[in-house]
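First the structure, in the form of structure tokens, and then the observations on it.
Below, the structure written as structure tokens:
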């Protein structure tokens, strides 16, 4: 099974740590985030793994030296959309790709999410009901219909007559599965672009569905303020997995 770990970002919210290291190598409970995510992904049976790298890319290269993990180097930061498009070239088998942000800790059932991508869908987004200001909008069939920012009232959708009040608002987890069938459509986009913008723009033509998992627990470790609680969160996940 294929997996891509997004690790190229500048990690500005984790400064000053990321002034001298990539976000992927910021430690939680004494281990780099990348090590934690790699262990989870490989432990779930994903054996064709790519990590993208830009900010302090040489440190990521040294960290992964000797491992059976490929690196998609980005001399110019490509954002998530450009990053996935470039990384697709490493997955010659044509199978779907699990895409996982390096700074997301969770108890997500990744093999089940991967298996949810069937002939009726091009993308499966792992979503939840957590509180945020930015939500994905889904119709009654859990098909992506748009995006909204509740703080500003902004709504984006290719559907001119979309009624936000009739949609289900769910937060994106930073984990999803994408079919390589989306590659031709991505070729029309610029060198650098966000994946969510791409998905929202094309949700009327691509088959993009939201997937929820019962008892999903998730922590975004993208801010320094969260690092203090991340170790305890990780321990709780591991204790739960081990029956503790």
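Numbering (our numbering), first residue to last: 165 to 408. By construction, the Cβ of each residue, glycine as well, lies at the ideal position given by its N, Cα and C atoms. As the structure is a prediction and not an experimental result, all values here were calculated from the model.
Count the other C-beta atoms from every protein chain shown that fall within 10 angstroms of the C-beta of residue 317, then say buried if there are 16 or more, exposed otherwise.
exposed
How big is the Cα-Cα spacing for residue 165 and residue 270?
19 Å
Beta-bridge pairing of residue 264 - partner residues as DSSP gives them
169, 339
Distance check for residue 380 and residue 408, CA to CA, integer angstroms please.
Caution is warranted here: a pLDDT of 41 is assigned to residue 408, below 50, making its placement in the model unreliable, and the coordinate value is therefore given only provisionally. Cα to Cα, residue 408 sits roughly 17 Å from residue 380.
Any idea what DSSP makes of residue 333, helix, strand or coil?
strand
Please go through the same chain and pick out, in chain order, the residues whose beta-carbon is closer than 6 Å to the beta-carbon of residue 234, but skip the five residues on each side of it.
214, 254
Determine the direct distance from the alpha carbon of residue 356 to that of residue 242, and round the result to whole angstroms.
Spanning the two alpha carbons is a distance of roughly 4 Å.
Below 8 Å, can you find three or more Cβ-Cβ pairs linking the region 383 to 400 to the region 275 to 292?
no
Count the other CB atoms within 10 Å of the CB of residue 267; is the residue buried (16 or more) or exposed (fewer)?
buried
Please classify residue 187 as buried or exposed, where buried requires at least 16 other C-beta atoms within 10 Å of its C-beta.
buried
Between the alpha carbons of residue 322 and residue 366, how many angstroms are there, rounded?
7 Å
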